[in-house]
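Chains as they are written, first to last, in the working numbering: chain A, 52 to 366; chain B, 1467 to 1658.
Pasting the structure below:
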């Protein structure tokens, strides 16, 4: 999770897409344009208690005057979607982060196979709109219980035309993941939906011999564990062999500083990145908001992150 | 609706109690004879929120600018005691970034006044000379507490590589000695 600007946006339109799904149109109250975004991007909505919920943008990619997102009321969920359904009305304000895209379309691909389950269709609708606009070769498989409960169905039909294949359980049509077909050069697979569906697609892709690099899945990570309980651990210093104990109530940075290691630091909250340092072995519990996932293999943020039992630092 | 609870009560150091200002107070120097101008005022109500431009703002001694995150205690760095009542940056530094000068960056970086996240954008004010010095913005008196320095967090927020280019010209963190109303166009003058 990286830092993004948060804007207070205004709800410009509310529309029921299905009995469970509301489609919200958001605009900036003062500015004509919102940040640019591409298909597959999502934003964080901030709830009144500070928790974040991720929603994919499902409007027309490239349109910056307004954003659209669809929220399914999750009964028995953690309460975020129920609050949004209750609180968001025409003219109300909502805190929204700038978009980030962990699920982009692969530029220059020859063909795209999209598999959506239920509300998981939101990023794929934006993708379909993007692909249709450039005249790309694609198929979107859309699984839902019924046409009535399928979110954004008219929008999908308009965007995809005959490239949309619907699989509605109530009509007795069940999606067979083998329909993604065998891997072909330049063909990319994108899936978003319930865990069971994405796992079935993943298994089929593996069985059919798809390369990892051609498969793309959107999985929303749970936010930082609010119940995190710090445990003591050992810091080993690679250059000197020193072993320093970090008690449960202190940060690795504090212990390092006390031992004479002058690491730069600023925020001491895991957001600025000043104190980031390298590590060798050990299981690090990354709790910062600054390091990209790829960097976490060998870099950690000692002001906030910890380790299980022991970690060796490149100091 | 949707207002965030403060992360922590605001903790501001008196500007001249900051180690940097304390040392600078006893060292001769600084630039005199200049007269600058306040160009823009920006605040944000909480960490990471977009900055909002104000036509006038109320500065409160010992607290900050009314409505700003460091006045409210909702800033990224609010839990850390420091000098953050008001932050300033030179328009000249932004102009230099925009012409890629010095050429430390891939190319020109255009940083709009609402993007750099300092409260006051000023012209004709030698901010780097004002640590440990008092100066006046309109009717308000500020005390230079320490030099601002860029932070990776800003790079992340902006998605622009501004960390190195902003080094040593990232502005000044100030305390408010005498509060009051400020507006763009206000004159800025040195007091000592």
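Beta carbons: idealized from backbone N, C-alpha and C, even for Gly.
Short of 8 Å in beta carbon distance, which residues of its chain neighbour residue i, apart from the five on each side in sequence? Order them along the chain.
i                      : result
residue 56 (chain A)   : 86, 148 and 149
residue 140 (chain A)  : 62 and 65
residue 245 (chain A)  : 168, 169 and 171
residue 1574 (chain B) : 1563, 1564, 1565 and 1566
Kindly list the residues whose CB is nearer than 6 Å to the CB of residue i, restricted to its own chain and excluding five residues on each side of it in sequence; keep chain order.
i                      : result
residue 1625 (chain B) : none
residue 1636 (chain B) : 1614, 1615 and 1616
residue 242 (chain A)  : 166, 249, 252 and 268
residue 78 (chain A)   : 61, 63 and 117
residue 1522 (chain B) : 1647 and 1649
Grab the span of the beta strand (DSSP E) containing residue i for me, first residue to last.
i                      : result
residue 1525 (chain B) : 1523-1526
residue 73 (chain A)   : 72-78
residue 217 (chain A)  : 215-219
residue 1644 (chain B) : 1638-1644
residue 166 (chain A)  : 162-168
residue 1553 (chain B) : 1552-1556
Mapping DSSP to helix, strand and coil, what is residue i?
i                      : result
residue 1590 (chain B) : coil
residue 1482 (chain B) : helix
residue 200 (chain A)  : coil
residue 252 (chain A)  : helix
residue 211 (chain A)  : helix
residue 55 (chain A)   : coil
residue 1633 (chain B) : coil
residue 229 (chain A)  : helix
residue 1543 (chain B) : coil
residue 134 (chain A)  : helix
residue 89 (chain A)   : coil
residue 265 (chain A)  : helix
residue 119 (chain A)  : strand
residue 150 (chain A)  : coil
residue 185 (chain A)  : coil
residue 83 (chain A)   : coil
residue 1602 (chain B) : strand
residue 60 (chain A)   : strand
residue 1497 (chain B) : coil
residue 359 (chain A)  : strand
residue 1506 (chain B) : strand
residue 352 (chain A)  : coil
residue 1561 (chain B) : helix
residue 173 (chain A)  : helix
residue 191 (chain A)  : strand
Does any residue of chain A bring its CB to less than 9 Å from the CB of residue i?
i                      : result
residue 1579 (chain B) : no
residue 1622 (chain B) : yes
residue 1477 (chain B) : no
residue 1414 (chain B) : With chain B running from 1467 to 1658 in the structure shown, residue 1414 (chain B) is simply not present.
residue 1553 (chain B) : no
residue 1617 (chain B) : yes
residue 1542 (chain B) : yes
residue 1486 (chain B) : no
Evaluate residue i with the Cβ neighbour count: other Cβ atoms within 10 Å of its Cβ, from every protein chain shown; 16 or more gives buried, anything less gives exposed.
i                      : result
residue 1534 (chain B) : buried
residue 1597 (chain B) : buried
residue 132 (chain A)  : buried
residue 1588 (chain B) : buried
residue 202 (chain A)  : buried
residue 1500 (chain B) : exposed
residue 75 (chain A)   : buried
residue 290 (chain A)  : exposed
residue 197 (chain A)  : exposed
residue 192 (chain A)  : buried
residue 1631 (chain B) : buried
residue 123 (chain A)  : buried
residue 1634 (chain B) : exposed
residue 1529 (chain B) : buried
By Cβ distance, which residues of its chain are closer than 7 Å to residue i, with the 5 residues on each side in sequence left out?
i                      : result
residue 1489 (chain B) : none
residue 89 (chain A)   : 112, 152 and 155
residue 1576 (chain B) : 1564
residue 1481 (chain B) : 1487, 1549, 1609, 1610, 1611, 1640 and 1641
residue 272 (chain A)  : Note on residue 272 (chain A): pLDDT 43, under 50, position unreliable in the model; no value is reported.
residue 1498 (chain B) : 1656
residue 1715 (chain B) : This structure gives no information on residue 1715 (chain B), because the portion of chain B shown stretches from 1467 to 1658.
residue 358 (chain A)  : 284, 333, 334, 335 and 336
Would you please verify whether the beta carbon of residue i is less than 9 Å from any beta carbon of chain B?
i                     : result
residue 66 (chain A)  : no
residue 114 (chain A) : no
residue 324 (chain A) : yes
residue 57 (chain A)  : yes
residue 54 (chain A)  : yes
residue 320 (chain A) : yes
residue 356 (chain A) : no
Along the chain, where does the alpha helix (DSSP H) containing residue i start, and where does it finish?
i                      : result
residue 303 (chain A)  : 303-309
residue 1535 (chain B) : 1535-1538
residue 1623 (chain B) : 1618-1624
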